[in-house]
Amino acid sequence: MNNPLQAKTKSIGITDSPELIDLEKPEQGLELHLGSNVFRNTNGVIKLQGKEQVVLELQPDPFTLLLTMDFYDDQGTRIGHIRRNTLSAHSAARFTVTVKVGDETSPPSVAVTDLTTERTVFEACLIQKRKIRITVGHFNAHTGELVTVSPHYCRIGTGLTLFGNVAESRGGAATIG
């Protein structure tokens, strides 16, 4: 060995170890699909224009998709709040939450309807083990700008439209705008 930086190594066979240690890999983050956009390895948080506005979680028993979200009007005033699929007291007159518990044949989903317009303002469902698709979005960000999610795009106001983007969130929030 002429190289002083090179070290001698000894290979260890399987019989040299008294027992095998099986380390369970930690769960990867959630993959969020907003329109045709994919945010990989997120913590379930969607940050719109600098503010965390939507949080999606999976509850194992009963198998449920949990939504925490703030709703704003077109002036940016908060008009509703949902925490883990439960409406706050002042939001119950304005919104309704529909939760579908998952089983072997169907995935869990959650939808929010604005009772004043009778329009679904947010809907999400689990499409695979840790992949969540936001199928409908029609609500305002904290700035008052309209956020629209369709099967093809995600749009904030008139200035930002995302379609076909793939982003690695590295365990953080899906950031838009």
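In numbering that gives the first Met the number 0, the protein residues as written are 0 to 176. A virtual CB, placed ideally from N, CA and C, is assigned to each residue, including glycine.
Cβ-based burial, residue i [other Cβ within 10 Å; buried from 16]
i       : result
His-89  : exposed
Ile-107 : Sequence inspection shows Pro at residue 107; the Ile mentioned does not correspond to that position. The residue in question, Pro-107, is buried, as its Cβ has 16 or more Cβ neighbours within 10 Å.
Thr-116 : exposed
Ala-123 : buried
Ser-168 : buried
Arg-154 : buried
Same chain only: Cβ atoms within 8 angstroms of residue i, ignoring 5 sequence neighbours per side
i       : result
Val-120 : Phe-70, Phe-94, Val-111, Thr-112, Asp-113, Val-135, Gly-136, His-137 and Phe-138
Asp-72  : Ile-78, Asn-139 and Gly-143
Arg-118 : Thr-112 and His-137
Beta carbon of residue i nearer than 9 angstroms to that of residue j
i       : j       : result
Gly-28  : Leu-161 : no
Gly-176 : Gly-49  : yes
Ile-45  : Ala-173 : yes
Thr-41  : Gly-170 : yes
Val-148 : Arg-39  : no
Pro-61  : Val-100 : yes
Thr-63  : Asn-84  : yes
Sequence-distant residues of its chain with Cβ nearer than 7 angstroms to residue i (five each side left out)
i       : result
Gly-43  : Leu-29, Val-54, Leu-55 and Glu-56
Gly-156 : Glu-144 and Leu-145
Nearest-angstrom beta carbon gap, residue j and residue i [assumed within contact, 8 angstroms]
i       : j       : result
Leu-31  : Ile-131 : 6 angstroms
Leu-65  : Gln-58  : 6 angstroms
His-151 : Gln-52  : Their Cβ separation, rounded to whole angstroms, is 21 angstroms, which puts His-151 and Gln-52 out of contact at 8 angstroms.
Cβ neighbours of residue i in the same chain (closer than 6 angstroms, five flanking residues each side left out)
i       : result
Ile-133 : Leu-33, Ala-123 and Val-148
Thr-97  : Ala-110
Neighbour flag for residue i against chain C, beta carbons, 9 angstroms
i       : result
Asp-113 : Absent here is chain C; the protein component of the structure consists of one chain.
(message) Restricting to runs no shorter than 3 residues, where is the beta strand (DSSP E) found entirely within the stretch 131-172?
(response) 145-148, 153-155, 159-161 and 165-167
(message) As an exercise, report each continuous beta strand (DSSP E) stretch of at least 3 residues that is fully enclosed by the stretch 76-101, in chain order.
(response) 77-82 and 94-99
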